[in-house]
Structures are given as C-alpha cells and as structure tokens.
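**Student:**
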Amino acid sequence: MKSVSTTLIIAFLFFAGTPQVKAQKKLDQQTVADLQTTPKYGFILTTERHFKGVLGMYDLLIENGLEIEEYEIVVKGMVVKALTKGSELEAFFEKYKGKIKVSVCSVAMEKLGVEAETLLDGLDITPTASVRMLQLQALGYNTLTY
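Counting from 1, position 107 in the sequence shown corresponds to residue 107 in full-length UniProt numbering; the numbering is continuous, with no gaps.
(1) Let's see if you can read the secondary structure: which residues bound the alpha helix (DSSP H) around E117?
(2) Have a look at E90, K26 and E72 and flag the residue whose alpha-carbon is nearest the alpha-carbon of T126.
(3) Would you check if there are 3 or more beta carbon pairs closer than 8 Å linking the segment 62-80 to the segment 100-109?
(4) Leaving out the 5 sequence neighbours to the left and right, which residues in its chain are closer than 8 Å to L35 when beta-carbon positions are compared?
(5) State yes or no: is the C-beta of N64 within less than 8 Å of the C-beta of V32?
(6) Does D124 come out as helix, strand or coil in the three-state DSSP assignment?
(7) Buried or exposed for V54, please, with buried defined as at least 16 other CB atoms from any protein chain shown within 10 angstroms of its CB.
(8) Grab me the residues of T145's own chain with a C-beta within less than 6 Å of its C-beta, minus the 5 sequence neighbours each way, in chain order.
(9) With a CB to CB cut of under 8 Å and the five nearest residues on each side skipped, what residues in its chain are close to T46?
Listed below in structure tokens is the structure:
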C-alpha cells in the first residue's frame, strides 16, 4: 500500500510540476473571416510574459492566413526594462522587427530610469501608453489589455 501511495505522489508531482502549454493552433474559418474585417490590432501590456504571448499571437494569426495591416504593442510598467539592448528579449524580438510596432510609454521610462538610447532598436516612444491606446481605438484597431 505504501508503494502505491508513493507512486501516486510521485506521479502527481511530475504532472503538477510539468507546465502544459495549451495554445490554440488552428482558427476556424468563421473566426478568420471575422478577424479579417478589421486587420489592425493593438495591445497594451506590462509584463514580459504577455509581451511574448502577444508576439506568439501574431504568429498564430499569420499561420492561419490572416492579412495583418497593423499590429502594435504598447508597453508600460516593468516590461520597459526588459526591452533594452543586451536583454533576453533582444534576440527574441529580432524576428518581429519591421512587422510589429512597439510603442514604449515615456512615463514608464522616466519612472524606471530607462534612457531612449538603451531601448532595443526599432521601438517607438509614445508620451503616454493609455492615450496611445485610446488613439488606436479611435483609429479602428481591435484592442486588448493585458
């Protein structure tokens, strides 16, 4: 009985400790058609995890045949520090340069002590993240907040 309990505990710890990534890989035709009616996307986020997730969403949309007119990520908060030269995100972001616009909140930069010249190449600075998101909504973008 003790070995059965031990086996169950080990199995539980193995499966509980193993991250299961369950991301959608295929979009149905109706979803693609609906999304194609407004091919501009805007996201506002504050974490590195969400930044990587939104880049992954770009890949998902492209892989499912969507034609993307504009795709913009507006960043504020601590993720701003992760978008500097020499960071882990520098190599990760390289694939998306020229395809995705990233706007960095100048207020967050000031509060976190991040200088413009230390940001990754190709990023834009916006005066305020919230106002930029309102602007994207006014321009007809599909928007999400993380």
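Just so it is clear, CB atoms sit at the ideal spot from N, CA and C, and this is done for glycine as well.
**Tutor:** The short version:
(1) For E117, there is no enclosing alpha helix (DSSP H), since its DSSP letter is neither H nor E.
(2) Among E90, K26 and E72, the Cα nearest to that of T126 belongs to E72.
(3) When Cβ pairs closer than 8 Å are counted between the two stretches, the segment 62-80 is seen to touch the segment 100-109, the count reaching three or more.
(4) Here the set comprises L27, L61, L66 and N142.
(5) With respect to V32, N64 sits close: the two C-beta atoms are nearer than 8 Å.
(6) D124: strand per DSSP, three-state reduction.
(7) Of the other Cβ atoms in all chains shown, 16 or more fall within 10 Å of the Cβ of V54; this residue is therefore buried.
(8) If we look at T145 and ignore the five residues flanking it on each side, its Cβ neighbours are I44.
(9) Once the five neighbours on either side are set aside, the close Cβ partners of T46 are V75, K76, G77, M78, V79 and Y146.
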